[in-house]
Amino acid sequence: MKKNIFFVLLVAASTFINAQSTPMSFGVKGGYTLSSMKYFGEKLDSKSYFYAGILAEKPISSKFSVQAEVLYTQLGGKDSYPGVQLVGNEIVSVGDMKFDYKLNQIQVPISAKYYFIPNFSASVGMNFGFNISSKITTDTIFGEMSGESDGIKTLNLFPFLGAEYKITEKFFVDARYNFNFFEANKENAVPTKIGFLQAGVGYRFK
């Protein structure tokens, strides 16, 4: 997995090194991730987390640029089912069984940006999500149990659309939605799809 991550980072970096006439800009960003997960085709409760990382942008013209990022975040979903237990001849409720799916990822979004005006741009691209770990936590009356999930692919692909607004030359706000067009599960594993919204702020060094 580490070799795959290094390869994608190398490809992303080489995108910006070719043309030296137009300077690149570098920055940092962070914000909020809200993910929506489908498991067996059933939508789970949304999961909130943060994201943080770095970015590099290479202008192609006054209207177009290419941007690559390296982010850390967590995706997943939550679900609960009523728990029951047979006591004698009766079925007794013992509270809800809660499930928490956690996918910790290093993400490499690469996007093409179009500037409608100097301060406002729209973007389209692909987010390459590398799973660092995939865990399922189960909470029942017998206690909390946590284990690894081996049914998720090491590399997940998320096409996205986004927009960015520059508050100043250095500070900006942006948002994007990553679509669940591709299944996140391995072959013969439980069908799983994940889509997520990311919104936050950033700072570009000049």
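Taking mature numbering (1 follows the signal peptide of the UniProt record, and there is no 0), I'd label the letters of the sequence shown as residues -19 to -1, 1 to 187.
Where a beta carbon is used, it is the ideal one built from N, C-alpha and C, also for glycine.
It should be emphasised that the depicted structure is a prediction, and the values quoted were computed from it without experimental measurement.
Pick out whichever of the options has its Cα sitting closest to the Cα of residue i.
i           : options                  : result
D155        : V105, S114 and K174      : V105
L36         : Y53, S29 and F45         : Y53
A33         : Y20, K19 and T14         : T14
S46         : S6, G22, G110 and L178   : S6
L84         : M18, P4, Q48 and D60     : M18
I175        : G12, K28 and P4          : K28
residue 188 : E150, D81 and F109       : Because residue 188 is not part of the residues shown, which for the chain are -19 to 187, the question remains open.
L178        : D60, E129 and N108       : N108
I87         : K116, T135, N169 and Q48 : T135
Measure the beta-carbon distance from residue i to residue j and round it to whole angstroms, keeping in mind my assumption that it falls under 8 angstroms.
i    : j    : result
F139 : Y184 : At roughly 24 angstroms, the Cβ-Cβ gap does not stay under 8 angstroms, so F139 and Y184 are not in contact.
Q55  : Y20  : About 16 angstroms; that fails the 8 angstroms criterion.
Give a yes or no on whether the C-beta atoms belonging to residue i and residue j are separated by under 8 angstroms.
i    : j    : result
I133 : N112 : yes
S102 : G58  : no
P90  : F141 : yes
G12  : A180 : yes
Compute the Euclidean distance between the alpha carbons of residue i and residue j, then round it to the nearest angstrom.
i      : j    : result
Y96    : I148 : 14 angstroms
G143   : A93  : 10 angstroms
K10    : I41  : 22 angstroms
N166   : P172 : 6 angstroms
F182   : K24  : In the sequence as displayed, the identity of residue 182 is Val instead of Phe. About 29 angstroms.
D26    : S43  : 42 angstroms
K39    : F186 : 13 angstroms
S61    : N137 : 26 angstroms
M78    : E129 : 18 angstroms
I98    : E50  : 22 angstroms
E150   : E164 : 39 angstroms
R157   : E145 : 9 angstroms
F(-14) : N169 : Caution applies to F(-14), whose pLDDT of 49 falls short of 50 and renders its modelled position unreliable; the value that the coordinates give is listed next. The alpha-carbon atoms of F(-14) and N169 are separated by roughly 28 angstroms.
N100   : P4   : 18 angstroms
G110   : G22  : 21 angstroms
S114   : Q48  : 26 angstroms
Looking at the strands, I want to know which residues DSSP matches up with residue i.
i    : result
D155 : E145 and G181
A90  : Sequence check: residue 90 is Pro here, not Ala. DSSP lists N108 as partners of P90.
L25  : Answer is none; L25 lacks a bridge partner.
G34  : K10 and L52
S102 : Y96 and E145
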